[in-house]
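Chains as they are written, first to last, in our numbering: chain A, 1016 to 1344; chain B, 1016 to 1344.
The beta-carbon is built from N, C-alpha and C at its ideal position, and this holds for glycine as well.
Working notes, structure below.
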């Protein structure tokens, strides 16, 4: 039976919400969850729930990597942290996947230093799903590589294609390069060079450049960019979406008439809110790491942890890491 | 009396809407408008309006630069285009400002090649206003410099500060550097280096790094970034905003109950829509050009042209170009 390790100490709502999510997921999955963190505390919190004890194991880890820690220093020095212990379990093939809601920087550093890259991969990438008009798109890279080379972007496209095909069931995913214009010659040095590589790459279905105004249209399945641009898109979407919801709320609360209108619209507005909230879409794997490392949003609660575990189980079953290795070599 | 030239042939709704906007503005401004484009056509269209004839002049220009033209080729070869003719009027000090809704790339190329840079300015920048929770912020640069150097970003901050102080009346505008984290050491090579320069720059009020999720919060008055990132933010905001309004519309039209709710909310939703529509905020000057060149959105209609003309009159009165020159030297 497969095993998935979960960093119980990482994220804004650790350990309570992480444990809740694990208990809920344990009821539905076919694999064992390995909860990594302070054993006594985990045991105590688990004691209030009823669950299949054969499905949850605990591995003790005394330290915690915080958001304030420098990623490299933390990974090197906090050997007893839940993140480092979890990544080592993965490296040693004691588990088939590792999930964390902790520091993205530390997780990427740890994934690269401890687990290592798939041979042939230049840089692993963080690839979350973002909502669009037609459903969703994969945004790759989203913060792992802030100074990228054209060849990285080409590999991101290949890894993204494998992921979308085998894990999300999209048969021939379209790859778009995020750029400032649609024409081939548009862009900065990086995107101009990357365009040429992507255009010649046989392992992907290249759509061409995609302007930022078309991202939400869902014209492509995979949005390729460097980690700086991806981070800007992802976080701007989060902040802008939040502001719009705030403005809607203000309009709804304006007077008795608008409050009544809000009541009539309630269901629709909730579904809208849910659509913006990309964290409900679960976690994002670091594609290119020689083991399954999945990052989930720092603000993850029970629901997100639960979704991410189910999703990670799917990645294990679909042999995501093995398929990326095969497609890059 | 000052003169402002307007490119009557540029933009999606040229020449009709451009002319409409000019006629409307002519009633309110203290300066003369110089309409640049096909004389006969302009005369014919003007003939249906009543306006103070001393306030509108026409300068003939036979050619039109289209969105399909390569910027550099178009500026070099289409000497009789409304854009080139207008920019030459500005260069020769026949007019005090030039407005165009035509190709951004061509306008930037033309502004740089024909009008030239203010001595000491490394690169001019396009700086539109974007809506935020607290009002608006200046986004500089927005597409002029896709491969920027740290020193460009520092000059953008200075030019943006002059603009916000003298044209928008913000006494000590806060400058934020768009980045992937708030800490000083975060970012790519460009932002890390730019941070150091901005932090030491005495002519600005530097706030520090600003994450994309905080852009809409309006924490700073000036958002500094390279033109690639600025273009992504601006266009993503446009596309994402459009999608959200589309989803709201779908919710409103769902059934008789929601349609009634929409009716009750009508006014509020219109004001929301207006808030997203950054084109109503008028045009964006190319800061750093040795003459006042103002770009307005390609989709500009009467309202936007009218606002941009009023705004440009303000830039002339406030001696924007002269003040930037003084502050950079």
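### Query
With which residues is residue 1221 of chain A paired in a DSSP beta bridge?
As a position in the first chain, residue 1221 of chain A is number 206, starting the count at 1. Partner(s): A:1190.
### Query
Closer than 8 angstroms, Cβ to any Cβ of chain A: which residues of the region 1245 to 1257 of chain B, in chain order?
1246, 1247, 1248, 1249, 1250, 1251, 1252, 1253, 1254, 1255, 1256, 1257
### Task
Just mark residue 1218 of chain B as buried or exposed, buried being the case when its beta carbon has 16 or more other beta carbons within 10 Å.
Counted from its first residue, the second chain places residue 1218 of chain B at position 203. By the neighbour-count rule (16 or more Cβ atoms within 10 Å), residue 1218 of chain B is not buried but exposed.
### Query
By how many angstroms is the C-alpha of residue 1211 of chain A removed from the C-alpha of residue 999 of chain A?
Within the shown structure, residues of chain A are numbered from 1016 to 1344, placing residue 999 of chain A beyond reach of any answer.
### Query
Do three or more CB pairs link the region 1142 to 1154 of chain A to the region 1330 to 1337 of chain A at distances below 8 angstroms?
no
### Beta carbon proximity, residue 1243 of chain B to chain A, threshold 7 angstroms
Working through the second chain from its first residue, we reach residue 1243 of chain B at position 228. Chain A, which has a Cβ nearer than 7 angstroms to the Cβ of residue 1243 of chain B, makes this yes.
#### Entry: Contacts that residue 1283 of chain A makes with chain B (C-beta to C-beta distance below 7 angstroms)
By 1-based counting over the first chain, the position of residue 1283 of chain A is 268. The answer, in chain order, is 1266, 1269, 1273.
### Stretch pair the region 1019 to 1026 of chain B + the region 1046 to 1063 of chain B: three plus CB contacts closer than 8 angstroms
yes
### Query
Where does residue 1273 of chain B land, buried or exposed, given buried means 16+ other C-beta within 10 angstroms?
Position 258 of the second chain, counting from 1, holds the residue named residue 1273 of chain B. Looking at its Cβ environment, which holds 16 or more other Cβ atoms inside 10 Å, residue 1273 of chain B is buried.
### Task
At 4 residues or longer, and completely inside the region 1150 to 1208 of chain A: list those alpha helix (DSSP H) runs for me, N to C.
1165 to 1181
### Message
Quick check for students: name the residue ranges of the alpha helix (DSSP H) that lie wholly in the region 1258 to 1312 of chain B, counting only runs of 4 or more.
### Response
1271 to 1291
### Message
How far does the beta strand (DSSP E) with residue 1114 of chain A in it extend, from its first residue to its last?
### Response
For the purposes of this step, residue 1114 of chain A is identified with residue 99 of the first chain, where counting begins at 1. 1112 to 1115 is the span of the beta strand (DSSP E), which, as asked, contains residue 1114 of chain A.
### Query
Using the beta-carbon of each residue, which ones in chain A are nearer than 7 angstroms to residue 1204 of chain B?
Walking along the second chain from the start, residue 1204 of chain B turns up at place 189. Simply 1162.
#### Entry: For residue 1055 of chain A, the three-state DSSP class (helix, strand or coil)
Along the first chain, read from residue 1 onward, the residue named residue 1055 of chain A stands at position 40. Helix at residue 1055 of chain A.
### Beta-bridge partners of residue 1019 of chain B, as assigned by DSSP
By 1-based counting over the second chain, the position of residue 1019 of chain B is 4. DSSP, once it has assigned bridges, lists B:1048, B:1112 as partnering residue 1019 of chain B.
### Task
Whole angstroms is fine: what's the gap from residue 1224 of chain A's alpha carbon to residue 1240 of chain A's?
For the purposes of this step, residue 1224 of chain A is taken as the residue at position 209 of the first chain. For the purposes of this step, residue 1240 of chain A is taken as the residue at position 225 of the first chain. About 11 angstroms.
### Message
Strictly below 7 angstroms CB to CB, what residues from chain B border residue 1276 of chain A?
### Response
Within the first chain, the letter at position 261 stands for residue 1276 of chain A. Those within 7 angstroms of residue 1276 of chain A in chain B are 1276, 1279, 1280.
### Residue interval of the alpha helix (DSSP H) (run including residue 1081 of chain A)
Here the question's residue 1081 of chain A lines up with position 66 in the first chain. Element bounds for residue 1081 of chain A: n/a, residue is neither H nor E.
### Query
Which chain B residues are close to residue 1231 of chain A, counting only those with a beta carbon under 7 angstroms from its beta carbon?
Residue mapping note: residue 1231 of chain A aligns to position 216 of the first chain, counting from 1. Within chain B, the residues near residue 1231 of chain A are 1254, 1255, 1258.
### DSSP three-state assignment for residue 1227 of chain B, whether helix, strand or coil
As a working note, residue 1227 of chain B is residue 212 in the second chain. Residue 1227 of chain B: helix per DSSP, three-state reduction.
### Task
List the whole-angstrom C-beta distance separating residue 1057 of chain A from residue 1030 of chain A, where the pair is believed to meet the contact cut-off of C-beta under 8 angstroms.
Here the question's residue 1057 of chain A lines up with position 42 in the first chain. Here the question's residue 1030 of chain A lines up with position 15 in the first chain. Confirmed, about 7 angstroms.
### Query
Between the region 1183 to 1197 of chain B and the region 1229 to 1238 of chain B, are three or more C-beta pairs nearer than 8 angstroms?
yes
### Message
For a contact defined as C-beta to C-beta under 7 angstroms, what are the partners of residue 1226 of chain A on chain B?
### Response
Locating residue 1226 of chain A in the first chain gives position 211, counting from the first residue. Near residue 1226 of chain A (Cβ distances below 7 angstroms), the residues of chain B are 1250.
### Query
Looking only at its own chain, which residues have a Cβ that is under 8 angstroms from the Cβ of residue 1059 of chain A, when we skip the five neighbours before and after it?
Taking the first residue of the first chain as 1, we reach residue 1059 of chain A at position 44. For residue 1059 of chain A, where only same-chain residues beyond five positions count, there are no Cβ hits under 8 angstroms.
### Query
Who are the Cβ neighbours of residue 1069 of chain A in its own chain at under 8 angstroms, not counting the five residues just before and after it?
The residue given as residue 1069 of chain A occupies position 54 in the first chain. Excluding residues within five positions, the ones whose Cβ falls inside 8 angstroms are 1047.
### Task
Using 10 angstroms around the beta-carbon of residue 1327 of chain B, count the other beta-carbons present and answer buried if the total reaches 16, otherwise exposed.
Numbered from 1 along the second chain, position 312 holds the residue referred to as residue 1327 of chain B. Label assigned to residue 1327 of chain B: buried.
### Message
Let's test the definition: count the other Cβ atoms within 10 Å of the Cβ of residue 1139 of chain A and tell me whether it reaches 16, buried, or not, exposed.
### Response
The residue given as residue 1139 of chain A occupies position 124 in the first chain. By the neighbour-count rule (16 or more Cβ atoms within 10 Å), residue 1139 of chain A is buried.
### Query
Can a CB atom of chain B be found closer than 7 angstroms to the CB of residue 1155 of chain A?
To locate residue 1155 of chain A, count along the first chain from 1; it is residue 140. Residue 1155 of chain A does not count as touching chain B.
### Task
Put residue 1097 of chain A into one of helix, strand or coil per three-state DSSP.
Counting from 1 along the first chain, the entry for residue 1097 of chain A is found at position 82. Correct three-state label for residue 1097 of chain A: helix.
### Query
What's the call for residue 1124 of chain B, buried or exposed, on a 16-neighbour Cβ count within 10 Å?
Counting from one through the second chain, the residue named residue 1124 of chain B turns up at place 109. When all chains shown are included, residue 1124 of chain B counts as buried.
### Query
Counting along the chain, where does the alpha helix (DSSP H) carrying residue 1038 of chain B start and finish?
Within the second chain, residue 1038 of chain B is the residue found at index 23, counting from 1. Unbroken alpha helix (DSSP H) run through residue 1038 of chain B: 1031 to 1041.
### The beta strand (DSSP E) enclosing residue 1129 of chain B, as first and last residue numbers
Residue mapping note: residue 1129 of chain B aligns to position 114 of the second chain, counting from 1. Premise fails: residue 1129 of chain B is in no beta strand (DSSP E) and is neither H nor E.
#### Entry: Assumed close pair residue 1231 of chain B, residue 1254 of chain A - CB separation to whole angstroms, cut-off 8 angstroms
Working through the second chain from its first residue, we reach residue 1231 of chain B at position 216. Working through the first chain from its first residue, we reach residue 1254 of chain A at position 239. With 8 angstroms as the limit, residue 1231 of chain B and residue 1254 of chain A qualify as a contact, their Cβ atoms being about 5 angstroms apart.
### Query
Roughly how many whole angstroms lie between the Cα atoms of residue 1084 of chain B and residue 1098 of chain B?
Here residue 1084 of chain B is taken as the residue at index 69 of the second chain, counted from 1. Here residue 1098 of chain B is taken as the residue at index 83 of the second chain, counted from 1. If you take the alpha carbons of residue 1084 of chain B and residue 1098 of chain B, they lie about 13 angstroms apart.
#### Entry: Under 8 angstroms by beta carbon: chain B residues contacting residue 1193 of chain A
Residue 1193 of chain A sits at position 178 when you count from the first residue of the first chain. Within 8 angstroms Cβ-Cβ: 1247.
### Task
Can you grab the Cα-Cα spacing for the pair residue 1222 of chain A / residue 1130 of chain B, in whole Å?
Start at 1 with the first residue of the first chain, and residue 1222 of chain A comes out as number 207. Start at 1 with the first residue of the second chain, and residue 1130 of chain B comes out as number 115. If you take the alpha carbons of residue 1222 of chain A and residue 1130 of chain B, they lie about 38 angstroms apart.
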